[in-house]
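**Q** Be aware that the sequence shown starts at 5, since it is given in the numbering used here, and climbs by one per residue. We treat Cβ as the ideally placed atom computed from N, Cα and C, and that holds for glycine. Before anything else, here's the structure in question.
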Amino acid sequence: MNGLKVLMGLMVVSLMSTSCVSLNGNIDVKQMMAAKKKSGFLNLKTTEIQIQPGLYSAELKINSDKNYTLKLDGQNKILIPIKASKDLNVPSNGHVFMSHNDINQPFDLSGEISTDIQDSDRTDAVEDCTFTVTENHCQKICDKPDACSIVCKDVQVTINGRHEVSFHYRTTHRDLSIDFLKADKPEVLASFHGTDTETDRITDYSGVCR
């Protein structure tokens, strides 16, 4: 891969009010395309670059509802910010559109996103746990050999225990296909497709730790 090869894919979900989600995939750059990348000290500035036509790998990271970063693979690490002053309100399912004016990039974004959520059967189990209790501890303090006193105070003590739990696993799969368009025009500059799958443990019941 030469120089700045890879491009910018982007977008994703208000369902991504969950931060730290990454979509991994490819971008097909159909013609020379301009994009602004992070540059300068601490990446506080941006510089406009030209992305060469070709098929590149890309990772889109969702930092927040209004702040995404696309990492481009190449000879150097290229970071392309997709930022807005307000939430972009991207749906978890349906059509996506972002204007170049909103994301401060020289292109519009238009595409589709789908989210599929599957829950496993519930599991009942007994697991290890910890809890704290307050105990009164006393200590003999001697300022001098013949001047001693007993000092008592409450302290928090951690106790190991067991408790009943019920839980299930939730698997979320996201699929994004989006086109990069010339600003205010229907001409397609590049197409990105990326996916993300994550599994979380959901606690349905947690008994008292004893």
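Restricting to runs no shorter than 3 residues, where is the beta strand (DSSP E) found entirely within the stretch 118-195?
**A** As far as the stretch 118-195 is concerned, its whole beta strand (DSSP E) runs of at least 3 residues are 127-148 and 151-186.
**Q** DSSP three-state call for LEU92: helix, strand or coil?
**A** For the purposes of this step, residue 92 is identified with residue 88 of the sequence shown, where counting begins at 1. Residue state, collapsed to three classes: coil.
**Q** Just the Cα atoms here: how many angstroms apart are ILE182 and LEU83?
**A** Along the sequence shown, read from residue 1 onward, the residue named residue 182 stands at position 178. Along the sequence shown, read from residue 1 onward, the residue named residue 83 stands at position 79. If I take the Cα positions, the gap works out to 19 Å.
**Q** On the criterion of 16 or more Cβ atoms from any shown chain inside 10 Å, does LEU48 qualify as buried, or is it exposed?
**A** The count along the sequence shown starts at 1 and reaches residue 48 at position 44. Exposed.
**Q** Can you tell which of ALA88, SER103, GLU52 and LEU64 has the C-alpha that lies nearest to the C-alpha of LEU185?
**A** Here residue 185 is taken as the residue at index 181 of the sequence shown, counted from 1. Nearest of ALA88, SER103, GLU52 and LEU64 to LEU185, Cα basis: SER103.
**Q** Give me the DSSP bridge partner(s) of HIS197.
**A** Position 193 of the sequence shown, counted from the start, is the residue given in the question as residue 197. Answer is ASN30 and SER181.
**Q** Can you grab the Cα-Cα spacing for the pair ILE163 / ASP179, in whole Å?
**A** The sequence position of residue 163 within the sequence shown is 159, counting from 1. The sequence position of residue 179 within the sequence shown is 175, counting from 1. Between ILE163 and ASP179, the C-alpha separation is close to 45 Å.
**Q** Compute the Euclidean distance between the alpha carbons of SER195 and ILE31, then round it to the nearest angstrom.
**A** Numbered from 1 along the sequence shown, position 191 holds the residue referred to as residue 195. Numbered from 1 along the sequence shown, position 27 holds the residue referred to as residue 31. SER195 and ILE31: Cα-Cα distance of roughly 6 Å.
**Q** According to the neighbour-count rule (16 or more other Cβ atoms, all chains shown, within 10 Å of its Cβ), is ALA62 buried or exposed?
**A** Here residue 62 is taken as the residue at index 58 of the sequence shown, counted from 1. ALA62 comes out buried.
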